[in-house]
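The sequence shown runs -5 to 244 under my numbering.
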Amino acid sequence: MKLKNKVALVTGASKGIGAAIAKYFAAEGAKVVVNYASSKEGAENVVKAITANGGTAIAVQGDVAKEADVNRLFEETKNTFGTLDILVNNAGIYQFEPIEQVSAGTFHQQFNTNVWGPILTIQAALKLFGTRGGNIINISSGASNMPMATGSVYSASKAALDAITVALSKELGGNNVRINSLLPGSVETEGTHTSGIMGSDFEAKLVANTPLGRMGQPDDIAKAAVFLASDEAAWVTGEKLAVSGGIYGF
Ligand code: NAP
-5 MKLKNKVALV TGASKGIGAA IAKYFAAEGA KVVVNYASSK EGAENVVKAI TANGGTAIAV
55 QGDVAKEADV NRLFEETKNT FGTLDILVNN AGIYQFEPIE QVSAGTFHQQ FNTNVWGPIL
115 TIQAALKLFG TRGGNIINIS SGASNMPMAT GSVYSASKAA LDAITVALSK ELGGNNVRIN
175 SLLPGSVETE GTHTSGIMGS DFEAKLVANT PLGRMGQPDD IAKAAVFLAS DEAAWVTGEK
235 LAVSGGIYGF
């Protein structure tokens, strides 16, 4: 039980990587807030799976890019569990499009969710961490280190998130707050299915350029998140941990 008695909030945990992180954290003894934007049923299913396994979790709706929603999300966390130890900024949007098609809409949607959202949640989390400190994991992307064609805005948003990780590791280390980026490679999730990546030539290219020769699964990422959240990573902050099957871009 690496996270026994810890309280963790995972954004975008109704499906995909976030759902796996929520389940793994609960299995390690954490009480988990399962945040979602619109998939109430998905979030409730994650809570059901956790409680069926003897764990504790609640589902709380909230768009991370909206300050009022974030305030409500953390208020509900405080009202239910009294405190917060771990924040995972997982909620994110990826859109691959040629530069000619980039619009103010697609730019702001990705930056609002992937960058402004984590800023809002970190500000709120710091108030709950208090003087004990806490632990923040930003789910970035391999696309931050190795931008690919048609991914200019998405990669830029994740590179911005990584910059926030490093800056805040310096700003908050003295408050006993650790903060790290976790950079997944290509992972099979609801998102990569609905965006058409799974089954496409793009997926075939991703797998061909992955030394371990397969798409990742959400569990691959959740195991690394448990490490970063636990005391096993007590001396780790400001890092960018790639969990990617070794993909080096193409
Ligand atoms: P996914 O299957 O599309 O799930 C996205 C989750 O984020 C959902 O729970 C969704 O909630 C939530 N979400 C989206 N916008 C939100 C918002 N504004 N406020 C709160 N929640 C929001 O995504 P995924 O593939 O698991 O990816 C999760 C994270 O990993 C993202 O940050 C992504 O950039 C990163 N990542 C993914 C891959 C990959 O290959 N899958 C690779 C590298 C990095 P609702 O369902 O309620 O809308």
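Yeah, the Cβ is synthetic: ideal placement off N, Cα and C, and Gly gets one too.
None of the values given here were measured: they were computed from a predicted structure.
- Assigned with DSSP and collapsed to three states, valine 160 falls in helix.
- In this structure, valine 64 sits away from valine 28, with a CB-CB distance that is not shorter than 8 Å.
- In this structure, the ligand NAP has a non-hydrogen atom nearer than 7 Å to the beta-carbon of threonine 107.
- If you draw a straight line from the Cα of methionine 209 to the Cα of leucine 235, it is about 17 Å long.
- With contacts defined as CB atoms closer than 8 Å, serine 180 and threonine 204 qualify as a contacting pair.
- Secondary structure of isoleucine 116 (DSSP, three-state): helix.
- The alpha-carbon of asparagine 83 is positioned some 6 Å away from that of isoleucine 133.
- Under the criterion of beta carbons closer than 8 Å, isoleucine 130 and alanine 119 qualify as touching, at roughly 7 Å.
- Alanine 14 is positioned such that its CB atom lies no closer than 8 Å to that of alanine 218.
- Boundaries for arginine 126: no alpha helix (DSSP H) harbours it, and the DSSP string shows neither H nor E there.
- In this structure asparagine 108 is in contact with lysine 152, their Cβ atoms being roughly 6 Å apart against a cut-off of 8 Å.
- Taking C-beta atoms as the reference points, glycine 23 and asparagine 47 fail to come closer than 8 Å.
- Annotation: the continuous beta strand (DSSP E) that includes asparagine 174 extends over 171 to 178.
- The ligand NAP has a heavy atom closer than 7 Å to the beta-carbon of glutamate 184.
- Between glycine 193 and valine 201, the beta carbon gap of about 11 Å keeps them out of contact (Cβ cut-off 8 Å).
- Residue pairing by DSSP places leucine 67 opposite no residue, since no beta bridge is assigned to it.
- In the three-state reduction of the DSSP assignment, asparagine 29 falls in the strand class, which pools E and B.
- At a threshold of 7 Å, lysine 9 counts as near the ligand NAP, since its beta carbon sits closer than that to one of the ligand's heavy atoms.
- In this structure, the alpha-carbon of aspartate 225 lies about 32 Å from that of glutamine 104.
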